[in-house]
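Read in this note's numbering, the sequence shown has 674 at position 227, and its numbers run on one by one without any break.
To keep things clear, I will list the structure first and then write my remarks on it.
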Amino acid sequence: MKITKYLPILAVCLMTTGCNSKKGAVLASGIDLANLDTTALPGTSFYQYACGGWIQAHPLTDEYSRFGSFDMLNENNREQLKGLIAELAAKKDNVPGSAAQKVGDLYNIAMDSVKLNQDGFTPIKEELIEIDGLKGKEDIYVYLAEIQKKGIRPYFMLYVGADEMNSSMNIVQTYQGGLGMGQRDYYLENDEQTKKIRDKYQEHVAKMFQLAGYDEATAKKAVTAVMNIETRLAQASRSQVELRDPHANYNKMEIEKLKKDFPTFNWDVYFTNSGLKDIKEVNVCQPDAIKEVTAIIDTVPLEDQKLYLKWNLIDAAAGYLSDDFVAQNFEFYGKTMSGKQEIQPRWKRAVSTVDGSLGEVVGQMYVEKYFPAAAKERMVMLVKNLQTSLGERIKELEWMSEPTKEKALDKLAAFHVKIGYPDKWKDYSALEIKDDSYWANIERANLWDFNEMISKAGKPVDKDEWLMTPQTVNAYYNPTTNEICFPAAILQPPFFDMDADDAANYGAIGVVIGHEMTHGFDDQGRQYDKEGNLKDWWTEEDAKKFDERAQVMVNFFDSIEVAPGVHANGSLTLGENIADHGGLQVSFQAFKKAMKQTPLEVVDGFTPEQRFFLAYANVWAGNIRPEEILRLTKLDPHSLGKWRVDGALPHIGKWYEAFNITEQDSMFVPEDKRVTIW
């Protein structure tokens, strides 16, 4: 998974030269034969062959729009977090202001359905009245700054992050946003499914306004105002593919130029009220989006803008109000957009809230109970093993010149590796959890998070800061710090199995480690140098060769039909597809090297090489609803689970050898048509 302004998925494992964890012990194959569908042919759909049994045994429940191996691990993880959190929530003697009091009280507030339903929309009533009190556009700048601090983000987003041309320093940045449906395509495309979602969204906005105490006439006016403003914002927004261009997103300017380029926006008032009074420069990631924001504030009637601001408040608060708000929120975002049929139980939502608001407090508890120190030590050795494998592959590349290889190897050697949990935990002492209302506590948590973020403006980047919590089932690569991070929670089956041999562990966790490493060299990551700066270190000829090879992958995935008449987006998913490809190649090479020291036999009728690829496929086993297929195809930079298998493996020569795939098989791709990059 890559992180920064793009958030992908994946990664980790444990081992030195091999993943074998018990010297002298007989290790299992790591492959559950029940996961297979042996009526399917490996060369027709390897995904069905490797995962068909799992898919049949795990039908979607009403709670899910997609459920796979990742989700199963998430569910197990959530049960562990529930135990930790509920234990504190049950205590009556938690010291006020302590971590235990904050965790326990926030959970209890989230679980108190009686109070939530008695309160109704009261927790946002004063804020709605405050919006009514706005007298003119000058008031909007003050209000906008204040509500963005609380996690409500109309018009656009403000954040502080690394200056991509000077990655050791943080800079204030703006980013396009303000869309209730999250993605511009829902406002602009006109296929039947998108129009249906757009119609349902308008119904949803009207119903939410009525739940907040407004009459039907006002609710209708709100729908018109919201759709007008959000459609204009969508039209000025870049597409998901366009947002993948880091150079286009880099528009650093001095404050005086910002004022000159967007003269009608009162930046002084906005930044002063945001707590950023003395900043010298800003990166305006998408200038056209900010230009449209200024035009909207300048030209749209104040009453319409008030309705839009109210909608942003209602929408942000809905999940933390009474059950009727929660149910209507789920009706649109859960059912209509994703196809879910049933909302999660209250305790799951409560655990997620505590985890999201007090992440590293919960993380400390999680690590102490569930992550042994030895695992972190062994993980360090495994990552080094995979780095060696990737380095060997870079040296062997026939298409890359020596000068570029040298720079690539330097970048690989400079990877900053984070494993398990941070060495220094965040301090939440300034965050107050009180018994006033669920929503008020969420606003205070958001304010704490915002203040922590803006305190970094104009200061050096802390390269030891973690961008995920230890209990997160995921991993990431961050280009501006050139780091790979593997949180503790992902170091479990199906990614890593202490009782399984190298074939399964290299096929699963090894591949995702290689995946994260390869992100440093995908179409986006390759544009950053070893220090994390957006700087070209490629020869012109090598860059051209890379682009030509990457285009083969774009074209291949563009040709995949994910639903009737709907194709995958090869450009949007390019970075993740390159990372999957590289992860498979790198981990298989490391696996073969490990087998020279620890030979493996045929187990359960499968060779070690076959078990490697079966383990990889099992990571992506899952079921998904038709609505979710369409939603993810619009916005997710990852390919769907099925195609992370059936789209990736046809470009891996060792897979053909392992399963004797020939021209007679439908998945066969001629060698000269396959992707060959890392």
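We put the beta carbon where it would ideally sit given N, CA and C, even for glycine.
Next on the checklist: If you measure between the beta carbons of A1037 and Y953, is that distance less than 8 Å?
Outcome noted: yes
Checklist entry - Are Q971 and G1022 touching if we call contact CB-CB under 8 Å? => result yes
Next on the checklist: My output table needs one value for A472: the three-state DSSP class, helix, strand or coil.
Outcome noted: Any reading at A472 is ruled out, since the residue's pLDDT is 45, under 50, leaving its predicted position unreliable.
Checklist entry - How long is the line joining the alpha carbons of R973 and M558, rounded to whole angstroms? => result 46 Å
Next on the checklist: If you measure between the beta carbons of Y868 and P917, is that distance less than 8 Å?
Outcome noted: yes
Checklist entry - Ends of the alpha helix (DSSP H) at E815? => result G806 to Y817
Item to check | DSSP-derived helix/strand/coil call for C498 | outcome: helix
Checklist entry - So V731 and N698 are in contact, right, with Cβ under 8 Å, and what is the actual spacing, rounded? => result 5 Å
Checklist entry - So who's on the other strand from M604, going by DSSP bridges? => result Y622
Item to check | Endpoints, the beta strand (DSSP E) within which K865 is located | outcome: H863 to G867
Next on the checklist: Do D870 and D911 count as a contact pair if the criterion is CB distance below 8 Å?
Outcome noted: yes
Checklist entry - Which of the three DSSP states, helix, strand or coil, is assigned to E663? => result helix
Item to check | Close Cβ partners of G471 (< 7 Å) along its chain, the five nearest in sequence each way excluded | outcome: Residue placement at G471 is flagged as unreliable, the pLDDT there being 39, under the threshold of 50; a coordinate-derived value is accordingly withheld.
Next on the checklist: For E611, tell me which candidate among V729, L658 and L754 has the shortest Cα-Cα distance.
Outcome noted: V729
Item to check | Cβ-heavy atom distance, I744 to the ligand HEM, below 7 Å | outcome: You won't find the ligand HEM in this model; it holds no ligand whatsoever.
Checklist entry - By DSSP, does N1107 sit in helix, in strand, or in coil? => result coil
Checklist entry - Identify the residues that DSSP records as bridge partners of C932: which are they? => result K865 and Y923
Next on the checklist: Whole angstroms are fine: how far does the CA of A666 sit from the CA of A653?
Outcome noted: 5 Å
Next on the checklist: Need the endpoints of the beta strand (DSSP E) that M612 sits in, please.
Outcome noted: No beta strand (DSSP E) contains M612, which DSSP labels as neither H nor E.
Next on the checklist: DSSP three-state label for N617, please.
Outcome noted: strand
Item to check | Top-ranked residue by Cα proximity to G905, from E585, Y606, E789 and V716 | outcome: Y606
Item to check | C-alpha gap between S468 and F943, whole angstroms | outcome: Reliability fails at S468, whose pLDDT of 37 lies under 50, so the model's placement of it is uncertain and the value that follows must be treated cautiously. Using only the alpha carbons, I get a separation of about 11 Å.
Item to check | For L878, three-class secondary structure by DSSP | outcome: coil
Checklist entry - Can you tell me where the beta strand (DSSP E) with V538 in it begins and where it stops? => result It should be pointed out that residue 538 corresponds to Lys in this sequence rather than to Val. Taken as a continuous stretch (DSSP letters only), K538 belongs to no beta strand (DSSP E), as it is neither H nor E.
Item to check | Close Cβ partners of D1119 (< 8 Å) along its chain, the five nearest in sequence each way excluded | outcome: none
Checklist entry - Nearest-angstrom Cα distance between V958 and S686? => result 30 Å
Item to check | Spatially closest choice to F712 from A592, N617 and D1112, by CA coordinates | outcome: A592
Next on the checklist: I'd like to confirm the pairing. Which residues does DSSP put opposite M700 in its beta bridges?
Outcome noted: V729
Item to check | Member of V801, E1075 and N1002 whose CA lies at the smallest distance from the CA of D552 | outcome: V801
Checklist entry - Whole-angstrom Cβ separation of E978 and N929, contact assumed at under 8 Å? => result 7 Å
Checklist entry - Under the DSSP definition of a beta bridge, which residues are partnered with F1053? => result V1050
Checklist entry - With DSSP run on the structure shown, which of helix, strand or coil describes E636? => result coil
Checklist entry - Which residues in the same chain as R1078 place their Cβ atom closer than 7 Å to its Cβ, once the five residues preceding and following it in sequence are excluded? => result M784 and S785
Checklist entry - Beta carbon of K738, beta carbon of A683: below 8 Å? => result yes
Checklist entry - Which same chain residues, not among the five before or five after D735, have their C-beta less than 6 Å away from its C-beta? => result A683
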